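Protein chains in written order, with this note's numbering: chain A, 1 to 196; chain B, 1001 to 1342; chain C, 2001 to 2209; chain D, 3001 to 3515; chain E, 4001 to 4191.
I have placed the structure first, in the form of structure tokens, so that the comments after it can refer back to it.
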Ligand SMILES: Cc1cc2nc3c(=O)[nH]c(=O)nc-3n(C[C@H](O)[C@H](O)[C@H](O)COP(=O)(O)O)c2cc1C
Ligand SMILES: Cc1cc2nc3c(=O)[nH]c(=O)nc-3n(C[C@H](O)[C@H](O)[C@H](O)COP(=O)(O)O)c2cc1C
Ligand SMILES: Cc1cc2nc3c(=O)[nH]c(=O)nc-3n(C[C@H](O)[C@H](O)[C@H](O)COP(=O)(O)O)c2cc1C
Ligand SMILES: Cc1cc2nc3c(=O)[nH]c(=O)nc-3n(C[C@H](O)[C@H](O)[C@H](O)CO)c2cc1C
Ligand code: SF4
Ligand code: SF4
Ligand code: SF4
Ligand code: SF4
Ligand code: FES
């Protein structure tokens, strides 16, 4: 059991990285990887929100939706939970940690529409994870996403100094090339851990 | 040579040929050389140029190259030729389209790429790989000196993953045409059999063309270090960390983990550590960054070789650490230079 | 260009269609909805299913939102969008499950993820909330088609390279060797990057900073 | 060094018992060794020219007003310019003759009033009053006056503090005096001929004189580690003195820079962009100390300098004693190789300026006149040349392994290429900057705080990074450009150094008020 | 006041539209989806047994030919000639693999294998789901152990060719079949 949780964690970061193998969260991945600082900010926010909403949605799904047989509306419920927790988080930050609010504030609204957040809840249902597995999976996926965007942001910062990217490829295009090569290299971990 | 220069100059004037200026420039600079003088201080500059810098790498690669030709004959020659031709074509095309010079870096890329291929690689796969490596690994970032990943490895990795059944199933023993499916590392992985060291050192074993004559690689690698073309920190930390990790693994995790010396001499580790991890463009430029890079390569090589489905740990780990290099440099610099307040 | 045709270019609805299909194409110009463009384009059938699904959700939600635009207060508009969009996504999901179970399994959670597809939310907030119903419907349709044809082109390239086939029919000669990597994430990135490069050069789109 | 001491164990022990010799060096830098065009070990006397031009601002200090006018008769050694109220030292006529005119000339990018004197051709000069070969009898005040009046006090970067305004600080404020002969340029003055027998004694006396007028100063003598004989002899001769340290340094360029000497010798930070005097340090070279002695003991004003003519453009590179104000063309005359393009450079091959107008005179700032052939010929297949005679920071040329004199010329030896992160520039940078990173910011016009954080203003402009770059990128030039652009948008170097220093005398000299 | 009314009105309209849509869709698709789910397993079981059927009469054919017995929450499927099948699951290289393994009455020889779910690389490891490949398992022995060997090397009756370039999936599949078969067969034999 413990080993399985560890392997879920490692898998979500390396072998089954949510950005590099499931290709999720690409829009912010492209637009926020311009500087390391924003990448970090977004990454940390994603880690926080994904873990929180993953856990909440598990509870709601298994304790409310399943008993009442209303899985049909799970999408609506999930997205509302996500939107509400982001709102709540924003308010809490504003009230108690205004400093953090300034640095995270701009990222929070973006997160609502980040597919990583919803994807984690959907995968959790499809893969039939229990609560602890869900939390680990959510946390790991977000860490994996953050890792990927951080690497790419650092590379893009270096490119802004030393690169000479053809015009049509600047911005989104070169981000894809970088992400593609990084995804190639991440394939090297294949077989190291099994995801359930 | 003067005549040549004049002829080139005339060709260059022909209207339809102006587009091909990069090609003329290359020929001119190789055969004729540079006439320019410094325009202000420093009035004298070092005699080293990038051409010689890259040539030094070619020289260092000679033992491995010659050995591969000796072992595999025309197959090796054909692969090297196709690698240079196809990659060169990609390079020249980009130079013409983007109106830039053709740079020397490709001399190394073209050769290294050929040397890390299995001798049985079909020539069209060689072409696909080298073109992919040159275009996606280098030109898209702006060409020589601007790439993030090692272009030769990007090409190698791409074809490994695109054509796994071609790239991982057929190996040749030197001097024979007998195809086998096992390299020393796969043999170890499936049967825990250690190939004798003399075979590994002298090249009497299966593997990529350039990686099996390990004695020559060591000599060439030392040559690079002693000429200051490559930095000693990376090979030392890379090989050192693989050695230590596999010693620890072999002692504590059991015989599934290859013993340290075998680990060092098997597969492409020596070749990678001496010629590919040291690529200055795609590795960190800070000193501590180089140590971290080497150790990171070591850790990933160890993990991938022993615990993942692949045995090409060297290829993966160098590229992985290439991806981490800018981040490493960024963090090292952030720690080293305290910000100045305005 | 005949004057009549030129004039036509200034008609709002024509403008919308041309822009969505080319200059402001959701994928290569606006970079919205990239996730699905990458994730489901390994086979043409998946791309078609996704394209149709997204187009349907886009049109339906645009219509509803545009219809109710005077009533939606700006503070709660996000949540309204989400509920509306989710509903239509459920519709698509159920229909796929019922009639195309194999495709539904192949693209799995990505149908659910249409909800967070940046394109749909983007069009809702940038267009539907401000425009009349007919224009919104048109915008949704044109964006959806712009999105779908991009997906289909990418998926054709990937399916040919990766499987040697289009819609499951073999199109490559005997000697062709499949490029396995094209079916996976890296292949998606590479094909899309080249696609972006070519289309952006053709459409003369300035790179974002 | 260990080898040498093994050869003379007796000396070594003796030496240890007298003054500790400290071995020091700094990180980075580059040892230029074994080039053609080094001067012979002898000093020639240059003839007296028929006309000299004496700029009224030389070395440390502001321009001084002329005390003579057209038609005046002057003697060699007579003061022709002086202003006791501004930072400056007197300026002397270097020949006897008649003032032709006093007019402004363009001199090294400045417009400076200069005195034109038609010379009589006599070798004589007028000694200072009150000098005494038994200088210990003189009072400190008298010595300071002699040093000031001789004009020697303007030499080197900070001048020599006296009761007059000849330096930023007063003699009492000097905490450290560094005297060095650590030439590390490609061409240097050769120390042995400066410190041969008799002059060695003069030098030691000079040191003692300085010690006397700078009462609080600790004395630091630094030499190249290859000059073991000189180090040993001096340490013996100075054994009686208190507060004195002797250092043996690696002869790496740019060891002689103030910015490098202070951290290596004193273990202190240098106030980049300001003078060493601002932190109470005065740095003098061997020739200046000898001139101090001559001024005090022999009454000799600053009318001549020893200049080396070096480089393969000269038929016979030598040391030359020249009167200040002698036009360059008079010195060079027909000493150069014929029939090829030549480039004349002042003082340093790495940082010196081109002497394009040979009619200009020599001032007291000159130590070398370098002449190199302009190498416009190209070389085929240069990149696979074994390189017996080619210098390189890397070890890719055989010259590294063979003792052959290496050729210097002005060819760029390669094409401009993108930086390949070879890191040579970073390895040689004596102040631990990352030149290739700095130049990238400037090249891409990203002029912002990042450059400050990377300490761009710590660059001392030694140009080593440009020297070693195999991609032939003018790295140092970019860095200088970046500094300029930063200043334009309101940054300046004081931001970097303020936290560390209590700077003296800055307000008066630089007119900076907010410090 | 006007605002409040419009808000309520709005929620009502939107709510009813959406609810209407959802109810409609659910009503329409629910039976089809449930049927899809049900026939999915059944069709795989019958494929594994090699029973032929039409899409429309799956239910009928299934109930005629196959009996289900449940023991310890495990479903076993029997045919009239006492062939037996059960669900097998395990990890592949990229994700879980589930399928149906059908055995002949001797409980040693494979009658057939079908897959329900797998996430291997399409075109590579994914080829284990192909009918042609799975048919090569027919009539192989799982006692003492089924072995998947290098492509083209299968000779003995407990050996099956692997997939070129997908050793890892083949290994995983081999392990999965042996594990699960042993587990369920020992259960069966006990009864
Ligand atoms: C190999 C080679 C030889 C050349 N020879 C000549 C030449 O003989 N005469 C000439 O005018 N330009 C020659 N050129 C072109 C110049 O080097 C330079 O590129 C060109 O004059 C720049 O033209 P512009 O400054 O007029 O635009 C040559 C170029 C190459 C690459
Ligand atoms: C994109 C990609 C996907 C892969 N997927 C699988 C897979 O699904 N199953 C598998 O066993 N190996 C997979 N591999 C691993 C390679 O096929 C690997 O080379 C193989 O394990 C070596 O096996 P061989 O000894 O049969 O050549 C994949 C490789 C790549 C590049
Ligand atoms: C193969 C090799 C390994 C070396 N290992 C070390 C080492 O581990 N530690 C060390 O301080 N110097 C080592 N050196 C000596 C270095 O060459 C020397 O420290 C280096 O030139 C100084 O480099 P830097 O100027 O980049 O600091 C090694 C040299 C070689 C050739
Ligand atoms: C020590 C050294 C190692 C190099 N290794 C590689 C290599 O592994 N692959 C490669 O494509 N280029 C290599 N190069 C060449 C060059 O750096 C490369 O073409 C650039 O990455 C292109 O920008 C190497 C160069 C040097 C000096
Ligand atoms: S002039 Fe100064 S810096 Fe130059 S070599 Fe001589 S002592 Fe060194
Ligand atoms: S010029 Fe500046 S950056 Fe370059 S080596 Fe010298 S001090 Fe360092
Ligand atoms: S570069 Fe500027 S700050 Fe540095 S030494 Fe030269 S003038 Fe001074
Ligand atoms: S020396 Fe030149 S090529 Fe090397 S790192 Fe510095 S700037 Fe780049
Ligand atoms: S579609 Fe935009 S983030 Fe996924």
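Beta carbons are placed, not taken as given, at the ideal position from N, Cα and C, and that holds for glycine.
Keep in mind that this is a model prediction, so the values were computed, not measured.
Whole-number beta carbon distance between residue j and residue i, since they are thought to touch under 8 Å
i: residue 23(A); j: residue 2039(C); result: 4 Å
i: residue 2155(C); j: residue 2047(C); result: 4 Å
i: residue 3247(D); j: residue 3265(D); result: 6 Å
i: residue 86(A); j: residue 49(A); result: 6 Å
i: residue 3457(D); j: residue 3426(D); result: About 17 Å separates the two Cβ atoms, so there is no contact after all.
i: residue 2114(C); j: residue 2120(C); result: 7 Å
i: residue 2152(C); j: residue 2021(C); result: Going by Cβ atoms, the distance from residue 2152(C) to residue 2021(C) rounds to 13 Å, so no, they are not a contact pair.
i: residue 3345(D); j: residue 3373(D); result: Actually they do not touch by this definition, with Cβ atoms about 12 Å apart.
i: residue 1276(B); j: residue 1318(B); result: 5 Å
Nearest to residue i (by Cα), restricted to the options the options
i: residue 3066(D); options: 3283(D), 3471(D) and 3116(D); result: 3116(D)
i: residue 1278(B); options: 1336(B), 1090(B) and 1237(B); result: 1237(B)
i: residue 166(A); options: 2201(C), 2084(C), 2180(C) and 2161(C); result: 2201(C)
i: residue 4089(E); options: 4098(E), 4083(E) and 4082(E); result: 4098(E)
i: residue 3533(D); options: 3025(D), 3210(D), 3307(D) and 3075(D); result: Since the first residue of chain D shown is 3001 and the last is 3515, residue 3533(D) is not available in this structure.
Residues that residue i bridges to, as DSSP identifies them
i: residue 4117(E); result: 4098(E)
i: residue 3310(D); result: 3370(D)
i: residue 3466(D); result: In the DSSP output, where bridge partners are listed per residue, residue 3466(D) has none listed.
i: residue 3320(D); result: 3044(D) and 3307(D)
i: residue 3327(D); result: 3361(D)
With 16 other Cβ atoms within 10 Å as the buried cut-off, status of residue i
i: residue 4011(E); result: exposed
i: residue 2094(C); result: buried
i: residue 170(A); result: buried
i: residue 152(A); result: buried
i: residue 3106(D); result: exposed
i: residue 2183(C); result: buried
i: residue 4027(E); result: exposed
i: residue 1138(B); result: buried
i: residue 1076(B); result: buried
i: residue 1334(B); result: exposed
i: residue 4140(E); result: buried
i: residue 1312(B); result: buried
i: residue 3600(D); result: Here chain D has residues from 3001 to 3515 only, and residue 3600(D) is not among them.
i: residue 4072(E); result: exposed
Checklist entry - Can you list, in chain order, the residues of the stretch 1305–1327 of chain B whose Cβ is nearer than 8 Å to any Cβ on chain E? => result 1309
Item to check | chain A contacts from the stretch 4017–4032 of chain E (Cβ-Cβ distance under 8 Å) | outcome: From the stretch 4017–4032 of chain E, only 4022 and 4026 have a Cβ closer than 8 Å to chain A.
Item to check | Where the stretch 1146–1163 of chain B meets chain C: residues whose CB sits under 8 Å from a CB there | outcome: 1158, 1161, 1162 and 1163
Item to check | Residues, ordered as in the chain, of the stretch 4116–4140 of chain E that lie near chain B by beta-carbon distance below 7 Å | outcome: 4124
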